[in-house]
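Visitor: Just so we're aligned, residue 3 is where the sequence shown starts under this note's numbering, counting upward by one.
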Amino acid sequence: MYATRAGRLALDVIVTSAPKLLLSTNNCEIALEQVLHKHSRRLRSIILPFSTPKISETLHAPLPNLVSFICIPTTHSDELISGDSEFDLPNFDPCDVALDTPKLQTLILHKHAPLFVGDSWPSLRSLESLCCFGQEGWLWGLLGASQHTLEDLVLGDALKPLEMWAGQSFTLVEGVIPCTSFPNLTSLEFNGAGDLHWDMLHFAEMRALISLTMFLAFLPPYTYQERPLPTLERLQYLSLTTVFPYDDVDLHHLLQATPHITSLTLDAQYGAADEDEGHTIDPLLLATQTPSMGPLFCPELEEITILADFTPPAKLKELVDLRLPRLRKVEIDGSMWKHEPYLEKRAVFEWVNARAELSGFGEGWDKSE
């Protein structure tokens, strides 16, 4: 464990990973308890790779000036201590993190849930929780208390469902402030969403959002939508990764709500069947039916990245041709091109690269061939 700074200046405490589980953990618990007991008012930040019942009990003490708390396992030993393992260790149970931190601005937790003493919810600027499923009382307590200060929000584990249905969540914790709007939220990332109705984009107003990153099991089907998506007028960066296939109309529905994006990343991890090759970009080739949006969806696109999906040469050329001169950078998954004839690859590369920066060919276009 390290404690930086000296004298009466603020302290930053960093706990390193435990190479020898029980011995190192016990030493860490003792050292952390001593630091917090002696310097509780000086602590500015704490970084932990794990939590234990003893550490949580120690953190229960008031930390009036703590502004940053981070708990991220970095080794297998940390995972064991954090209780995320098939192996049983004596005297170690998964433990939530108890905090009494009224000035906390940054909270990052990958394996534990926070418990705030006396429900004294801080006003956060940045929240990252990879252990939540969307209906926890502590989550809605934090979102409600932080809705006017929150700037960055990351929620969910890509391998687990995340359902942000606000309708019944406010009753989970007494005194929780209803979360209706994030006027200063500029970056949102959510993973593993399992809802069918885009609840993640409906649960609160996010007019200032600039960056949206989504790792979804599936793209919510357009046919299930009972209300239009909120238009994200300020959004510039959109990144979408999906595990299961989706229809063009589903992506079309999403892009209508992001009219001013300048950067788009599409990662189709499922791969595409031969008859669907290139369908990922089909909505980008369509004309809009709304004159105010211009002739194309997302007409301000400057950068397009298409991963894990083969884009036929004709569609790639059509995409670039339609979106010039605004489009300046295209990245594709070159590994999907490795079986294409060399001369065809070279012709496409040279045609596109003469008009925009083209990258990602990698093994798919090798000058030495």
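Note that the Cβ used here is the ideal one computed from N, Cα and C, for glycine as well.
#1: Give me the Cβ distance between residue 126 and residue 134, rounded to the nearest whole Å; I'm assuming they're in contact under 8 Å.
#2: Using a threshold of 8 Å, state whether the C-beta atoms of residue 130 and residue 189 are closer than that.
#3: What residues in its chain sit with their C-beta under 7 Å from that of residue 271, if we drop five residues either side in the sequence?
#4: Reducing DSSP to helix, strand and coil, say where residue 13 ends up.
#5: Take the Cβ of residue 29 as the centre, count every other Cβ of all protein chains shown within 10 Å, and call the residue buried at 16 or more, exposed below.
#6: Which residues in the same chain have their Cβ closer than 6 Å to the Cβ of residue 213, if we skip the five residues on either side of it in sequence?
#7: On the three-state DSSP scale, how would you describe residue 96?
#8: Kindly list the residues whose CB is nearer than 6 Å to the CB of residue 117, restricted to its own chain and excluding five residues on each side of it in sequence; keep chain order.
#9: Is it true that the CB of residue 63 sits closer than 8 Å to the CB of residue 38?
#10: Count the other C-beta atoms from every protein chain shown that fall within 10 angstroms of the C-beta of residue 289, then say buried if there are 16 or more, exposed otherwise.
#11: Kindly indicate which three-state DSSP category residue 356 falls into: helix, strand or coil?
#12: Which value, in whole angstroms, describes the spacing of the CA atoms of residue 192 and residue 54?
#13: I need the DSSP call for residue 212, collapsed to helix, strand or coil.
#14: Give the list of continuous alpha helix (DSSP H) stretches no shorter than 4 residues that lie fully inside the region 237-262.
#15: Quick check on DSSP: helix, strand or coil for residue 58?
#16: Between which two residues does the alpha helix (DSSP H) containing residue 148 stretch?
#17: Going by DSSP in three states, residue 83 sits in which element: helix, strand or coil?
Guide: On the basis of the supplied data:
#1: Counting from 1 along the sequence shown, the entry for residue 126 is found at position 124. Counting from 1 along the sequence shown, the entry for residue 134 is found at position 132. That belief does not hold up - the Cβ atoms of residue 126 and residue 134 are roughly 14 Å apart, past 8 Å.
#2: The sequence position of residue 130 within the sequence shown is 128, counting from 1. The sequence position of residue 189 within the sequence shown is 187, counting from 1. Not a contact, by the Cβ cut-off of 8 Å.
#3: Residue numbering aside, residue 271 sits at position 269 when the sequence shown is read from its first letter. The answer, listed in chain order, is 243, 244, 245, 310.
#4: As a first step, residue 13 must be located in the sequence shown, where it is residue number 11. Strand.
#5: What you label residue 29 is simply residue 27 of the sequence shown in a count that begins at 1. By the 10 Å Cβ count, residue 29 comes out exposed.
#6: Counting from one through the sequence shown, the residue named residue 213 turns up at place 211. Same-chain partners within the cutoff: 189, 239.
#7: The residue labelled residue 96 in the question sits at position 94 within the sequence shown. Bear in mind that the predicted position of residue 96 carries a pLDDT of just 47, short of 50, making it unreliable; the figure below should be weighed with that in mind. Three-state DSSP puts residue 96 in coil, outside helix and strand.
#8: Residue mapping note: residue 117 aligns to position 115 of the sequence shown, counting from 1. The residues are 98, 100.
#9: Your numbering for residue 38 matches position 36 in the sequence shown. Your numbering for residue 63 matches position 61 in the sequence shown. Their beta carbons are under 8 Å apart, which means residue 38 touches residue 63 by this criterion.
#10: Taking the first residue of the sequence shown as 1, we reach residue 289 at position 287. Answer is exposed; the Cβ neighbour count stays below 16.
#11: Numbered from its first residue, the sequence shown carries residue 356 at position 354. DSSP places residue 356 in coil when its eight states are reduced to three.
#12: Taking the first residue of the sequence shown as 1, we reach residue 192 at position 190. Taking the first residue of the sequence shown as 1, we reach residue 54 at position 52. Looking at the two C-alpha atoms, the distance is approximately 27 Å.
#13: Here residue 212 corresponds to residue number 210 of the sequence shown, with the count starting at 1. Of the three classes helix, strand and coil, the one that applies to residue 212 here is coil, per DSSP.
#14: 250-257
#15: For the purposes of this step, residue 58 is taken as residue 56 along the sequence shown, with counting starting at 1. Residue 58 falls in the helix class under three-state DSSP.
#16: As a first step, residue 148 is located in the sequence shown; it is residue number 146 there, counting from the start. Note, residue 148: alpha helix (DSSP H), 139-148.
#17: On the sequence shown, position 81 is the one that residue 83 refers to. The answer is helix: DSSP assigns residue 83 an H, G or I state.
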